[in-house]
Amino acid sequence: MGALGRRSEAGAVTTVDGSPWHDLATNLPGQLLRDQHSAAWAASKSRSALLAYGARLFDAKTDERAWRKGAEGEEYVGPKLNELRKHGWHVLHSVPVGKEGSDIDHVVIGPGGVYTINSKNHQGKHIWVADYAMTVNGKSVPYLRNAKYEAERASKLLRAHVDFDVPVRGCIVVLTGSFTPNVTYKSHPVGASVLTKWDVPKWFRRRPVLLDPNEVEALYDVARRSSTWA
Numbered sequence: 178m179g180a181l182g183r184r185s186e187a188g189a190v191t192t193v194d195g196s197p198w199h200d201l202a203t204n205l206p207g208q209l210l211r212d213q214h215s216a217a218w219a220a221s222k223s224r225s226a227l228l229a230y231g232a233r234l235f236d237a238k239t240d241e242r243a244w245r246k247g248a249e250g251e252e253y254v255g256p257k258l259n260e261l262r263k264h265g266w267h268v269l270h271s272v273p274v275g276k277e278g279s280d281i282d283h284v285v286i287g288p289g290g291v292y293t294i295n296s297k298n299h300q301g302k303h304i305w306v307a308d309y310a311m312t313v314n315g316k317s318v319p320y321l322r323n324a325k326y327e328a329e330r331a332s333k334l335l336r337a338h339v340d341f342d343v344p345v346r347g348c349i350v351v352l353t354g355s356f357t358p359n360v361t362y363k364s365h366p367v368g369a370s371v372l373t374k375w376d377v378p379k380w381f382r383r384r385p386v387l388l389d390p391n392e393v394e395a396l397y398d399v400a401r402r403s404s405t406w407a
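Numbered per this note's numbering, the sequence shown spans residues 178 to 407.
Structure (structure tokens):
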């Protein structure tokens, strides 16, 4: 394991300083949300199976629905991002951050830099994007602000473990359920990128080179450790 540490008998990894970490490379797309969905669905059925199935039949806005739709979005985008692996990129999914149960849907690391990616599943909705604003069916959403914050946080966490600058950009992949994505760009947002299903994965491969192969590998070695994000 070199500088990263050694594996314990339990299968976890122990770093040089003695703090344990788990390899995030084994996480599946949507893993955290799918776990949350399963728990919400089980709880809903335990209260009333009839009401649970009725809510799903009529697409009621429940916690179970929110977790399920979110997981489905990540499970769609994740495999498309995985295609980058054959082009010298690394991809991580469901990266837990902090101690509040939040995660980054996807993190990709490659010659074009580091990107934190949020999948937003808005089937049948219209997305509008401008410099500093984004709406879903006319309702303002904080996605751009959140994406920029997430990228800045990731950059600081990764930079703490390497001796070079870590360029990170926040991205939002919106899924509208239509063949032609129902997204209107008044202008391209500042400080983050809003992509559609047709942009993944080719958009990332077209980014200008920012990292050399050694930097890519060094960042991946750090990013795959759960302790980096805690």
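Quick reminder that beta carbons are idealized off the backbone N, C-alpha and C, glycines included.
In terms of alpha-carbon separation, which member of the options lies closest to residue i?
| i | options | result |
| --- | --- | --- |
| residue 354 | 403, 308, 298 | 298 |
| residue 257 | 374, 359, 289 | 374 |
| residue 380 | 363, 352, 348 | 348 |
| residue 346 | 300, 359, 331 | 331 |
| residue 245 | 200, 269, 300, 273 | 300 |
| residue 391 | 383, 339, 352, 365 | 339 |
| residue 253 | 263, 270, 334 | 270 |
| residue 357 | 205, 368, 207, 304 | 304 |
| residue 311 | 261, 344, 365 | 365 |
Less than 9 Å between the beta carbons of residue i and residue j, yes or no?
| i | j | result |
| --- | --- | --- |
| residue 350 | residue 377 | yes |
| residue 405 | residue 266 | no |
| residue 388 | residue 272 | no |
| residue 251 | residue 278 | no |
| residue 295 | residue 281 | yes |
| residue 382 | residue 264 | yes |
| residue 334 | residue 274 | yes |
Would you grab the beta carbon distance between residue i and residue j for me? Rounded to a whole angstrom, and I think it's under 8 Å.
| i | j | result |
| --- | --- | --- |
| residue 293 | residue 328 | 5 Å |
| residue 401 | residue 202 | 5 Å |
| residue 268 | residue 283 | 7 Å |
| residue 288 | residue 393 | 7 Å |
| residue 360 | residue 308 | About 15 Å separates the two Cβ atoms, so there is no contact after all. |
| residue 321 | residue 395 | Actually they are not in contact, since the Cβ atoms of residue 321 and residue 395 sit about 29 Å apart, beyond 8 Å. |
So, does the CB of residue i fall closer than 9 Å to a CB anywhere in chain B?
| i | result |
| --- | --- |
| residue 333 | Within the model displayed, chain B is absent; a lone protein chain is all it includes. |
Quick one: using the 10 Å Cβ neighbour count with 16 as the cut-off for buried, is residue i buried or exposed?
| i | result |
| --- | --- |
| residue 325 | buried |
| residue 342 | exposed |
| residue 372 | buried |
| residue 363 | exposed |
| residue 276 | exposed |
| residue 386 | exposed |
| residue 407 | exposed |
| residue 302 | buried |
| residue 204 | buried |
| residue 255 | buried |
Tell me the DSSP bridge mates of residue i?
| i | result |
| --- | --- |
| residue 287 | 290 |
| residue 267 | 286 |
| residue 297 | 351 |
| residue 369 | 347 |
| residue 312 | 305, 317 |
| residue 272 | 281 |
| residue 360 | 304 |
| residue 402 | 200 |
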